[in-house]
Amino acid sequence: MFLGIDVGTSEVKAVLIDDEQRPQATARAILTVQRPAPGFSEQDPESWWQAVQATLNELQREVADRLAAVRGIGLSGQMHGAVLLDAADKPLRPCILWNDGRSEAECHELDGAADFRGITGNLVMPGFTAPKLRWVEKHEPELFAQVRRVVLPKDYVRLKLTGEAVSEMSDSAGTLWLDTSARAWSPELLAATHLDEAQMPRLVEGSAPSGALRAKLAERWGMADGVVVAGGGGDNAASACGIGAVRPGQAFLSLGTSGVLFVANDRFRPNVEGAVHAFCHALPGVWHQMAVILAAADSLAWWGRQTGETPQALTAAIGPLERPSPAIFLPYLGGERTPHNDASVRGSFTGLAHECDREAMTQAVLEGVAFAFRDGLEALLAAGTEVGRITAIGGGANSPAWLEIIAAVLDRPLDVPAAGDFGAAFGAARLAIAAATDADPLALCTAPATARTMEPRTGLVSAYTERFERYRALYPALKEALA
C-alpha cells in the first residue's frame, strides 16, 4: 500500500492506494483560516499536523490491515505559505498563507533588489513566500531575528513525520528563492531577503526519498519500520501527476472556483510579462507553466446569486449553441492574474441589448471565462509552449455546454476523465510508489481513462475567434475607465 497526504487550505485529505494504484480508502479533516486583519490570511501549522494525525487515526480504525501494509508516503500541499521556525523547529508565528495580500509594498521593493524575474521566471507577487519574509523583517523584526528555518506547509508536516527538513522542486519554485532553471536555491535571491541557504530545507526531487517515517509514529499506526516518505509536490504539480500531465505538452484545465491551465514542459520556459507561472514539476527533468484566472466557476456562482438559480440550472437552460452570445462578459470580479496581473480591474457586461435574456447572459458568463482561458493559452504559446489535447477537471467540467464553448474558444479537444479521484493526494501517492520502489515516475503517472471528448466545432471556432478579439480589446478600455 501507498499513502498520499494533501495539506490543503480547507482540509487535509489522505488517500490509500495499492500497488496497482487502486484506491482503498480515504480520510479527511477540516481546517480553518484565520484573518486577523483585512487582507491577512493565516493558519496555525500545528493544525495541519493535528489534521494529518486525525486522518491517519481514522484510516487505522477503518482499514488497519491495509495501513499496516504501507511502504511509502507522498506529500502534497498548498503552496507559498511561510512557516517560520526557531532553533528548536517550533513555529514562531502562524503561517502566512498563499492568499495573504499584506506584502504588496514589499513586492515592489524586492523587484528592484535582485533579478527575481530572470532567475525564477515569475513576477514578484504577494502570494509568494519571499515578500512575506520581507514583511516580517519590517514589521516583526525581533521575531525575524529568531528565524532559524523557513519551510512550506507540506514540509512542516514532513518535519513532524520524519524529523528531516526537506523540500522538493515544485513547491520550492513558488517561494521566489529557487533558481528554477538550475533547480537549486539562489544565494542572490535569498540575500535580497536577508536569508541564506542554511535557513532553507534540503532539496530533493518529488519522486525521490526524503526520509523515513519516525519509528514511534510507525509503531503508533501499525506500520513497518523504514516507510519511505517521498519528496512529493506542490498541489498543482501533484494534481498533474494524478491526472497524467507529466510529459511535454500534456495539459490540464481546472474549472474550479479559480481556473488553472497547466502544461508540462521539457525545459524552463518563462513568460514573465504574460504573468505565466513557470515552475519546476514534481518529476526530475520536467518543468511546467500555469496560467491562472481568478474567477472561473466563481463567475458562474456569482451570476447564480444574482438570478437566484443554481449554476447547474443556469447551464442546463442553455439550448443548442449556434452562435456567441450578443453580450460579452469580462470575469474580473476580483482582479485578474494571467495575463494582466491586475488586482484592481473589475468585471463587466458589454453589448447588452433587448434580446439579452437570462440564457444569453449565462452564455456570456461561460464565454467570458472561456476567453480568459484563451488569454492564458496565448500567454503560454508566446513562451514557446505547444499545447495539444487538454484534460478538463473541476466542477465546471460537468457542464457539456461550458465544455463545448471552451473547446471552440481554445480550438483544442477537451478530454473528460472517467469518474475517479485524480487529485493532489492521488498524485502524491503515485510519487510515493516511485520513491519506495524506484519505479519510473513517468511510467507511473499515466492519464486516466477518458469518459468523453469534446471536439471543437468548426463553425463555432471561427465565430469565437472573432469574438475573442473583441473581448481582448475591452480590457485596456475597462482599465482606463476604472483608473
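Each residue of the sequence shown is one higher than the last, beginning at 15 in our numbering. Quick reminder that beta carbons are idealized off the backbone N, C-alpha and C, glycines included. Because the structure is a prediction, the values reported are computed rather than measured.
query, result
"Looking at T405 and F266, is the spacing between their C-beta atoms short of 8 Å?", "yes"
"Please confirm whether G240 has its beta-carbon closer than 8 Å to some beta-carbon of chain B.", "Here chain B cannot be found, since the structure has a single protein chain."
"Any idea what DSSP makes of I87, helix, strand or coil?", "strand"
"Please tell me whether P223 and V241 are closer than 8 Å, where the distance is taken between their beta carbons.", "no"
"To the nearest angstrom, how far is it from the Cα of E219 to the Cα of M183?", "6 Å"
"So, for G408: in the same chain, excluding its five sequence neighbours on each side, which residues have a beta-carbon less than 6 Å away from its beta-carbon?", "S268, L269 and G270"
"Jot down the residue ranges of each uninterrupted beta strand (DSSP E) in the stretch 408-453, minimum 3 residues, whole runs only, in chain order.", "428-431"
"Name the two residues that bound the continuous alpha helix (DSSP H) containing F385.", "R372 to A396"
"Residues in the same chain with beta-carbon distance under 7 Å from R49, minus the five sequence neighbours each way, listed in chain order, please.", "S55"
"Looking at C-alpha atoms only, which residue of W191, W235, H208 and D169 is the closest neighbour of Q160?", "H208"
"Provide the residue span of the alpha helix (DSSP H) that contains D280, from first to last.", "Segment: none, D280 is in no alpha helix (DSSP H) and carries neither H nor E."
"Decide if the stretch 254-266 is in contact with the stretch 353-366; the criterion is three or more beta carbon pairs, one per stretch, under 8 Å apart.", "no"
"Using DSSP's beta-bridge definition, name the partner residues of L17.", "L30 and I87"
"Is it true that the CB of A289 sits closer than 8 Å to the CB of R351?", "yes"
"Spell out the partners DSSP gives T3 in its beta bridges.", "Shown here, the chain extends from 15 to 497; a query on residue 3 therefore has no answer."
"Around the Cβ of P201, are there at least 16 other Cβ atoms within 10 angstroms (buried) or fewer (exposed)?", "exposed"
"So what's G132 in DSSP terms, helix, strand or just coil?", "helix"
"By the DSSP assignment, the beta strand (DSSP E) with A43 in it spans what residues?", "P37 to I44"
"Just to confirm, are P470 and R426 a CB contact at a threshold of 8 Å?", "yes"
"Under 8 Å between the Cβ atoms of A96 and V164?", "yes"
"Quick one: which unbroken alpha helix (DSSP H) runs of 4-plus residues sit fully inside the stretch 127-176? Chain order, please.", "130-134, 143-153, 155-158 and 167-176"
"Starting from V77, follow the beta strand (DSSP E) in both directions and report where the run begins and ends.", "Premise fails: V77 lies in the alpha helix (DSSP H), P59 to L81, not in any beta strand (DSSP E)."
"Are F16 and G115 close, meaning C-beta to C-beta below 8 Å?", "no"
"Between the stretch 73-86 and the stretch 120-133, do three or more beta carbon pairs fall short of 8 Å?", "no"
"By DSSP's criteria, V47 is part of a beta bridge. Which residues make up the other side?", "DSSP output for V47 lists no bridge partner at all."
"Between the alpha carbons of A384 and A238, how many angstroms are there, rounded?", "49 Å"
"Using 8 Å for Cβ pairs, my map puts A442 next to G18. What's the rounded Cβ distance?", "4 Å"
"Which one of T23, D249, I133 and F130 has the shortest CA to CA distance from M304?", "D249"
"Three-state secondary structure (DSSP) at Q92?", "coil"
"Roughly how many whole angstroms lie between the Cα atoms of D452 and A296?", "15 Å"
"Taking DSSP as the reference, what is the three-state secondary structure of A198?", "strand"
"List the whole-angstrom C-beta distance separating G318 from F343, where the pair is believed to meet the contact cut-off of C-beta under 8 Å.", "G318 to F343, Cβ: 14 Å. No contact."
"Please classify Q57 as buried or exposed, where buried requires at least 16 other C-beta atoms within 10 Å of its C-beta.", "buried"
"Beta-carbon within less than 6 Å of A393's beta-carbon, same chain only, minus the 5 sequence neighbours each way: which residues are those?", "N285, G288, V290, A305, T352 and P353"
"Along the alpha helix (DSSP H) that carries E233, what are the first and last residues, could you check?", "A229 to R234"
"In angstroms, rounded to a whole number, what distance separates the CA positions of L204 and P59?", "23 Å"
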